[in-house]
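Numbering (the working numbering), first residue to last: 114 to 630. Ideal placement from N, C-alpha and C gives every residue a C-beta, glycine not left out. Everything below concerns the one structure shown next.
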């Protein structure tokens, strides 16, 4: 066991904090001592860095030195219970303010843990006395459900904690509710010091222009399900898993219950050990599924967004992002589920089937959280669009088609570069398609015995032809549906004519001998 892992084990029993956690507490208390009583402070720390540990120790120290009470707010019941347990392990007696809780004994407690909706109801009904609460801690502070409660705590110091200080609602930036951000350790530092695992990402080039964006600024479930439940897409997900993570514990994130259920059946059909979990599961079902996932070494769990927060399973080896998101927070939450270290685990795998890596950059890249906090729109406007992402894809032949062209060294033709060269040379844009047709003809002839073989191979290139035409149309800024259709048909005809007219001559050029009669 490495020293750091030993430290992780020990810390769970004697509650010693790491240096960076102690440092964070000192910084926060310094603000607490110098800022006004109603100051709103935001603290950022990556998933897996131990936010709950930090604020539990803060509560312990605060209650020891102040004659006021503390309230910790979460947005989910699971987080409520986890937080309560963690506080108890730090020696902080606390009361969970649930919808069924009896508050007659509230005077006996100096620390309360509550879920935002329940608390809102209890405060509006005047059931909870909050007159002497000096410190309010908000977990997962980027959710906006908390802001409606701020009016109740006008004289309290509010500490929001989050891994991503970017509001879930563009219209309600966090800088409007918090005076200042303190950014904690970077993911890079936590990896370097063996607090988090290293990510190995395999990104697949995905055509996502069919996805629609909803009123919340993210892709709609409906358009995601149309794409991700298609037979081809389900096969792609299974193939990606088999290629990179076969036999490894895997958590799959989907956008929509139907997608997750379809994934479940696609994997089951291949005889793979998989279960599906969504928010319709009962407490008992959820526990059974998560227990199975924990003890089964090669378990695969497919889910919707239910496991993005408050779920800790360090044995996960692979995260499959079987969805696209425009939310940086969601991207980091999903990936963060795999980043926990374990005695024998120092790295994990990300399979990205939603162009998320291209949209946000690699997980753990150095993000300027201060800039994102101060100028969230500036950051959001610089996230690449799907069109811009896909414009950079290098379209390759599908593997099964590539096999038919195994004698060709290069089946790729760079239409964009060819367009650029033609413009620089003052040539007509038509030469681009002529050169592309010559290249397609060459790879057909290289893999054929006669002209009939070559024409049969040309038929297999339909998708590649369509892809090249679409890139060409963007280069010349003409892309009406009819024009594209005409270009694609015309291209295929010209390719066939070229093969018929030039097969013998080109065959001899390539092979050094004429084709057999």
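Around the beta carbon of residue 472, 16 or more other beta carbons lie within 10 angstroms, which makes this residue buried. Secondary-structure assignment with DSSP links residue 588 through no beta bridge to anything. Distance between residue 548 and residue 604, taken at the CA atoms: about 11 Å.
Note on residue 367: 16 or more other CB atoms within 10 angstroms of its CB, so buried under the neighbour-count rule.
Residue pairing for residue 249: DSSP places it in a beta bridge opposite 184 and 271.
For residue 373, the closest alpha carbon among the candidates 433, 395, 187 and 360 is that of 433. Residue environment for residue 320: exposed (fewer than 16 other C-beta atoms within 10 angstroms of its C-beta). Taking the Cα of residue 171 as reference, the smallest distance to any Cα among 188, 246, 344 and 137 is reached at 137. Ranked by Cα distance from residue 168, the options 274, 191 and 221 are led by 274.
The alpha helix (DSSP H) runs of length 4 or more contained entirely in the stretch 395 to 441 are, from start to end of the chain, 396 to 408. The stretch 437 to 457 and the stretch 408 to 417 do not touch, with fewer than 3 CB-CB distances between them shorter than 8 Å.
Exclusion of the five residues before and after residue 392 leaves 417 and 419 as the residues of its chain whose Cβ lies within less than 8 Å of its Cβ. Between the alpha carbons of residue 380 and residue 194 lies a distance of about 33 Å. Listed as beta-bridge partners of residue 225 by DSSP are 184 and 208. Annotation: the continuous beta strand (DSSP E) that includes residue 465 extends over 460 to 465.
Here residue 378 is exposed: its Cβ has fewer than 16 other Cβ atoms, across all protein chains shown, within 10 Å.
If you check the CB distance, residue 151 and residue 269 come in under 8 Å. Per DSSP, the unbroken beta strand (DSSP E) holding residue 366 starts and ends at 363 to 367.
For residue 612, the three-state secondary structure derived from DSSP is helix. No Cβ-Cβ contact shorter than 8 Å links residue 621 with residue 479.
Judged by DSSP secondary structure, residue 387 falls within the beta strand (DSSP E) whose first and last residues are 387 to 390. The Cβ atoms of residue 181 and residue 331 lie no closer than 8 Å to each other. Pairing residue 162 with residue 253 gives a Cβ-Cβ distance that is not under 8 Å.
In terms of Cβ geometry, residue 315 and residue 464 form a close pair [threshold 8 Å].
Taking 8 Å as the cut-off, the Cβ atoms of residue 154 and residue 251 do not count as close.
Sequence-distant partners of residue 529 (beyond 5 residues in either direction) whose C-beta falls short of 7 Å from its own C-beta, in its chain, are 584 and 588. For residue 370 and residue 522, the gap between their C-alpha atoms comes out near 44 Å.
Residue 316: member of the beta strand (DSSP E) spanning 311 to 316, first to last residue.
In the displayed model, residue 548 falls within a helix according to three-state DSSP. One alpha carbon belongs to residue 577, the other to residue 333, and they sit about 29 Å apart.
In this structure, residue 556 sits near residue 524, with a CB-CB distance shorter than 8 Å.
In summary, residue 484 is exposed, with fewer than 16 beta-carbon neighbours lying within 10 Å of its beta-carbon over all protein chains present.
DSSP places residue 153 within a strand segment (E or B) once states are collapsed to three. Excluding sequence positions up to five before and after residue 346, its CB lies within less than 7 Å of the CB of 340, all in the same chain and listed in chain order. Relative to residue 629, the option among 178, 562 and 571 whose CA is nearest is 562. For the options 402, 220 and 452, the alpha carbon positioned closest to that of residue 244 is the one of 220.
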